[in-house]
Amino acid sequence: MKHSKLSIILRGLIKENPVLVLVLGTCPTLAISTSVTAAIGMGLAATAVLICSNMAISALRKAIPDQVRIPCYIVLIAGFVSVVSMVLEAYAYSLYESLGVYLSLIVVNCIILGRAEMFANKNTVLDSALDGVGMGLGFTLALTAMAVIREVFGSGTFCGMPIPWLSDNPISILSMAPGGFCIFGCMIALVNKLTKGRKVSAEGGCAGCPAAASCKGKECESK
Amino acid sequence: MKLALVTILTAAITNNYVLVKFLGICPFLGVSKKLDQATGMSLAVIFVQLMATAVTWPIYHFLLAGKIDFTYMETVVFILVIAALVQLVEIILKRYLPGLHASLGVYLPLITTNCAVLGVTVNNIRDGLGFMDSMLTSLGCGLGFFLAMVLFSGVRSRVAVAKPPKSFEGLPITLISAAIVSLSFFGFAGIITNLFG
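Protein chains in written order, with our numbering: chain V, 1 to 223; chain Z, 1 to 197.
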């Protein structure tokens with residue numbers, strides 16, 4: 001596999017956006033996108049974990065035996081997540097509070113395990129780090145885009161600052177659970193429309209699912 | 001008894017993990033196409049959630065939060081415990097209950113990466129619940145997951161024969177129907193306080 005360094009980063013941002021195209025990491029996307037500040041924080045925290053774990057996994061890719069690679073990856077990722085959550089608790093306590101349980105749930109975020117499976121265990125350390133940057137920023141971008149829609153129209157604020165008129169007439173359903181599902185669905189539809197249904201299905205399908213390794217495609221129903 | 005029922009129902013309906021708290025969306029979208037698969041997956045989730053809570057609660061309170069504070073290891077320890085537990089359950093089922101293994105076995109490996117399981121164990125600790133309450137909450141969450149999966153697989157079987165606009169085909173229309181199912185859960189909001197007053 002030969003990629004130019006820049007294309008590795010750009011791919012994660014748009015063409016293979018982890019949230020909108022590969023549809024990984026849906027839980028935090030839906031849960032955190034009610035506020036722009038939390039969304040950016042979550043995105044950056046996940047990016048940090050993703051870069052570190054991609055580099056570590058790529059560096060250890062010859063040392064980790066194939067049969068036990070998933071548990072090994074999970075332990076590595078969990079370690080980095082603990083580090084990030086301790087850093088946030090120390091230096092950005094309000095963010096730590098607002099992310100709550102979803103911060104420790106970065107461990108089971110499919111994007112991170114998915115990238116480890118799909119990219120980091122086949123590529124060099126530098127490429128994996130760049131892939132982490134691209135995918136992480138792509139995740140942040142999608143999360144922020146959703147959060148802007150949901151915060152501005154759902155609660156009439158932007159990063160906590162009230163917006164005139166909108167804050168008097170918020171469409172509060174958007175900041176609740178159904179609004180999250182609905183906006184997410186519409187955004188994926190929009191991306192489908194813009195890319196004219198030209199899906200990146202080569203990697204997007206079963207290979208994108210972190211559980212694909214264990215289910216061997218037999219029961220993987222997610223397309 | 002009444003309190004136990006309230007705990008279970010709150011966790012299952014008003015605080016439904018999938019539709020209200022957004023945990024375990026991947027299996028919710030992935031394995032809900034057919035009713036039998038949805039049932040199998042949710043039964044496996046209920047089982048693992050109960051086991052995981054029964055194991056992680058004592059570990060946290062007696063080992064991690066003991067004399068020396070190891071609580072920062074929570075994430076690492078919990079995910080390892082869940083992964084090991086899932087593996088163990090699979091081995092035991094395979095050896096002693098091959099029938100059950102044949103029907104649930106395929107879903108078990110998927111559960112390790114199900115955020116609902118890790119989420120419920122971490123949440124129980126964060127909320128400072130006692131052992132009994134934690135177990136009841138886990139049971140409730142599992143039942144809530146079951147309810148959401150079964151309801152949604154019914155909805156999906158109807159959506160499958162409908163014809164949405166081209167760009168909405170597949171996942172987008174599934175998400176939009178999830179929004180409507182989730183909306184229906186808001187109708188339950190006041191029901192528990194009214195029932196048990």
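From the three backbone atoms N, C-alpha and C, an ideal C-beta is built for every residue, glycine too.
At least one CB of chain Z closer than 8 Å to the CB of residue i: is that the case?
{"i": "V/K193", "result": "yes"}
{"i": "V/V21", "result": "no"}
{"i": "V/L30", "result": "yes"}
{"i": "V/C52", "result": "no"}
{"i": "V/S94", "result": "no"}
{"i": "V/I14", "result": "no"}
{"i": "V/G180", "result": "yes"}
{"i": "V/T47", "result": "no"}
{"i": "V/G132", "result": "no"}
{"i": "V/T37", "result": "no"}
Looking at the unbroken alpha helix (DSSP H) that takes in residue i, where does it start and where does it end?
{"i": "V/D127", "result": "V125 to G154"}
{"i": "Z/Y72", "result": "Taken as a continuous stretch (DSSP letters only), Z/Y72 belongs to no alpha helix (DSSP H), as it is neither H nor E."}
{"i": "V/A38", "result": "V36 to A59"}
{"i": "Z/D133", "result": "F131 to V159"}
{"i": "Z/V45", "result": "L35 to P58"}
{"i": "Z/N198", "result": "There is simply no residue 198 of chain Z to check, as chain Z begins at 1 and stops at 197 in what is shown."}
{"i": "V/E89", "result": "R69 to Y91"}
{"i": "Z/P109", "result": "L108 to I111"}
{"i": "V/P28", "result": "T26 to I32"}
{"i": "V/L22", "result": "Here V/L22 belongs to no alpha helix (DSSP H), and DSSP marks it neither H nor E."}
{"i": "V/V107", "result": "It is not in any alpha helix (DSSP H) - V/V107 carries neither H nor E in the DSSP assignment."}
{"i": "Z/F196", "result": "I191 to F196"}
{"i": "Z/V6", "result": "K2 to L9"}
{"i": "V/G185", "result": "A177 to L194"}
Give me, in chain order, the residues of the same chain whose beta-carbon lies closer than 7 Å to that of residue i; leave out the 5 immediate sequence neighbours on both sides.
{"i": "V/P162", "result": "G156"}
{"i": "Z/G24", "result": "Y17, V18, N114, C115, A116 and F145"}
{"i": "V/A250", "result": "Residue 250 of chain V cannot be examined here, being either before or after the span of chain V that is shown, 1 to 223."}
{"i": "V/T144", "result": "V36, A39, I40 and G43"}
Determine whether the Cβ of residue i lies closer than 8 Å to any Cβ atom of chain V.
{"i": "Z/F199", "result": "What is shown of chain Z runs 1 to 197, which leaves residue 199 of chain Z out entirely."}
{"i": "Z/F131", "result": "no"}
{"i": "Z/C141", "result": "no"}
{"i": "Z/L175", "result": "yes"}
{"i": "Z/S167", "result": "yes"}
{"i": "Z/L88", "result": "no"}
{"i": "Z/V122", "result": "yes"}
{"i": "Z/L183", "result": "yes"}
{"i": "Z/V20", "result": "yes"}
{"i": "Z/T137", "result": "no"}
{"i": "Z/F17", "result": "It is Tyr, not Phe, that sits at residue 17 of chain Z in the sequence shown. Z/Y17 does not count as touching chain V."}
What does the alpha-carbon distance come out to for the pair residue i and residue j?
{"i": "Z/V48", "j": "Z/C26", "result": "17 Å"}
{"i": "V/M135", "j": "Z/T121", "result": "29 Å"}
{"i": "Z/P58", "j": "Z/A116", "result": "19 Å"}
{"i": "Z/G70", "j": "Z/L63", "result": "The amino acid at residue 70 of chain Z is misidentified as Gly; the sequence shows Phe. Approximately 8 Å, taken between the alpha carbons."}
{"i": "Z/F188", "j": "Z/L195", "result": "11 Å"}
{"i": "Z/G128", "j": "V/G185", "result": "35 Å"}
{"i": "Z/L175", "j": "V/G160", "result": "28 Å"}
{"i": "V/N192", "j": "V/V19", "result": "13 Å"}
{"i": "Z/L136", "j": "Z/T39", "result": "20 Å"}
{"i": "Z/L80", "j": "V/I74", "result": "8 Å"}
{"i": "V/S85", "j": "Z/H61", "result": "20 Å"}
{"i": "Z/S134", "j": "Z/I125", "result": "8 Å"}
{"i": "V/N123", "j": "V/G12", "result": "15 Å"}
Can you name, in chain order, every residue of its own chain whose Cβ lies under 6 Å from the Cβ of residue i, other than the five neighbours on each side?
{"i": "V/I149", "result": "I183"}
{"i": "Z/S138", "result": "Q49, L50, T53 and V120"}
{"i": "Z/A83", "result": "T112"}
In chain order, what residues of the same chain have a beta carbon less than 8 Å from the beta carbon of residue i, not counting five sequence neighbours either side?
{"i": "Z/E90", "result": "H101, G105, L108 and P109"}
{"i": "Z/M73", "result": "L64"}
query = When Cβ atoms are compared, which residues of the stretch 91-112 of chain Z fall closer than 7 Å to chain V?
reply = Listed by position along the chain: V106, P109 and L110.
ask   = What are the residues of the stretch 70-91 of chain V that lie near chain Z, defined by any Cβ-Cβ distance shorter than 8 Å?
value = I70, P71, I74, V75, A78, G79, V81, S82, S85 and M86
query = Relative to chain V, which residues along the stretch 46-66 of chain Z have a C-beta separation below 8 Å, given in chain order?
reply = none
Contact set between the stretch 102-124 of chain V and chain Z, restricted to residues whose Cβ is under 7 Å from the partner = S104, L105, V107, V108, C110 and L113
task = Taking only beta carbons into account, state which residues of the stretch 146-168 of chain V come closer than 8 Å to chain Z, listed in chain order.
result = none
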